[in-house]
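Accompanying notes for the structure given below.
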Amino acid sequence: MDHDQAFFALPQYLQRRIDSAYFSAVKHAHATNSHRDAGTLRSSSVEPPPKRRKTSINEWTADSGGGFVAEDPSDAVTTESTTLGGGGFILNDPDSTAAASGGEEGGHIIDDEMPITTGGGFIREVNEVNGNSTLQITSEVLPPWIPFSSIPTALQLLDLPPDDEQVLGIFRNAASGWDNRDRIDDNLEVTQADWRAVCTILLEPRSGAGDDGIEVENQMRPGDLEDDDEYVQDLSEADLDLQSDDGADSADDYNPRPSSGTGRLTSRQKATCIEAFGMFFPDAKDDLGQRRLMLSDIQRVTKLLGEKLKAEEMLEMLEVFSTAPDRSMGLQDFERMMIAAKLA
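Structure follows, in structure tokens:
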């Protein structure tokens, strides 16, 4: 089943919870990064205004602006009747403006049409100093991904453990592209599609363990049991030969262990399952039946074999055949999986 189809097959309240947690974490991360970037720009990009050199009135030129009150505005008019410099609140002698052609009156507000060399204002905006504004968020469009560092926060919103290494490992692999495992966590990004796919598996309503066993047995009845009957018949003939050779002692020596949920397994099927299960635990000797197959074990073996198996597929496999609350598989669960997949 496609991951999108699996997501939309969930109840609507689960779909809303998954998307709500995703967008809440995205907004929180986006706001945090914006504030941090703004603080960095204020501290490093905005240069302090240069110190003003003290000048006398006689040194005023035509393009010098600013100041509150011009003490002698007539000195600010050049002899060649060029442009009068603006600036200041009030000119004491309005007639001095008529002595110059094209003069600009001063004020504390510059019109948009006025050139930058005319009258001064109080404080220039940051976007005028830098050329464009970079300190304000001008768009509310959120990025189409969530930082990996925000995944624990989003998991908490879904009442899921935020420090589960197996779940975090799945998101880490999804963010790194499954093939590039060398990227650091600070640079990883999880898309909404990957978020939905993993959360669908984690929050999908589970049926009872007994129902899973019945479903697996129903799936294997049409074609699997025909082959199993042949093996069971061969095994029965071999048992009769052993009984005729060893006598009554053979009945005590041969006491097959019943298996729950897998039906009757032949000796060859049993040996095949044990051998395959033991590949995940090379250090196990006598306690192989007590081992539990986790997601990390499957990822480790598939990597060693050079196989490409998505974490979603691994979780689905554990979800179907596991009878434990932590979605791990024991030897009997593994046998059921091997029979259903026709691997034994």
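For the sequence shown, the tail end lands on 371 under the numbering used here, and the numbers increase by one without skipping.
Beta carbons: idealized from backbone N, C-alpha and C, even for Gly.
Checklist entry - Which two residues bound the contiguous beta strand (DSSP E) that contains P174? => result 172-174
Item to check | alpha helix (DSSP H) segment containing T299, residue limits | outcome: 294-305
Next on the checklist: Which residues does DSSP list as the beta-bridge partners of M356?
Outcome noted: L320
Checklist entry - Is DSSP giving T218 helix, strand or coil here? => result strand
Checklist entry - Would you call E362 buried or exposed, if buried means 16 or more other Cβ atoms sit within 10 Å of its Cβ? => result buried
Item to check | Best match in L292, S176, Q32 for proximity to A393 [C-alpha to C-alpha] | outcome: In this structure the chain extends from 28 to 371, so residue 393 is not present and cannot be described.
Checklist entry - Do the stretch 214-224 and the stretch 192-201 meet, that is, are 3 or more Cβ pairs less than 8 Å apart? => result yes
Item to check | Alpha-carbon to alpha-carbon, E334 and S294 | outcome: 29 Å
Next on the checklist: So, with DSSP's three-state summary, where would you put L185?
Outcome noted: coil
Checklist entry - Should F348 go down as buried or exposed, given a rule of 16 or more other Cβ atoms within 10 Å for buried? => result buried
Item to check | Straight-line Cα distance separating A48 from I366 | outcome: 39 Å
Item to check | Proximity winner among A181, Y40, A371, relative to Q296 (alpha-carbon distances) | outcome: A371
Next on the checklist: Using the three-state DSSP reduction, which class does L332 fall into: helix, strand or coil?
Outcome noted: helix
Next on the checklist: Using C-beta distances below 8 Å, list every residue in its chain close to G196, excluding the 5 sequence neighbours before and after it, in chain order.
Outcome noted: L322, S323, Q326, A338
Checklist entry - Looking at the structure shown, is L342 part of a helix, part of a strand, or coil, going by DSSP? => result helix
Checklist entry - Helix, strand or coil for P179 per DSSP? => result helix
Item to check | A447 - containing alpha helix (DSSP H), residue span | outcome: Given a span of 28 to 371 for the chain in the structure shown, any question on residue 447 remains unanswerable.
Checklist entry - With F304 and L292 assumed to form a contact (beta carbons below 8 Å), what rounded beta-carbon distance in angstroms separates them? => result So it is not a contact: roughly 13 Å between Cβ atoms.
Item to check | Own chain partners of R44 with C-beta closer than 7 Å, once the 5 adjacent residues on each side are dropped | outcome: L185
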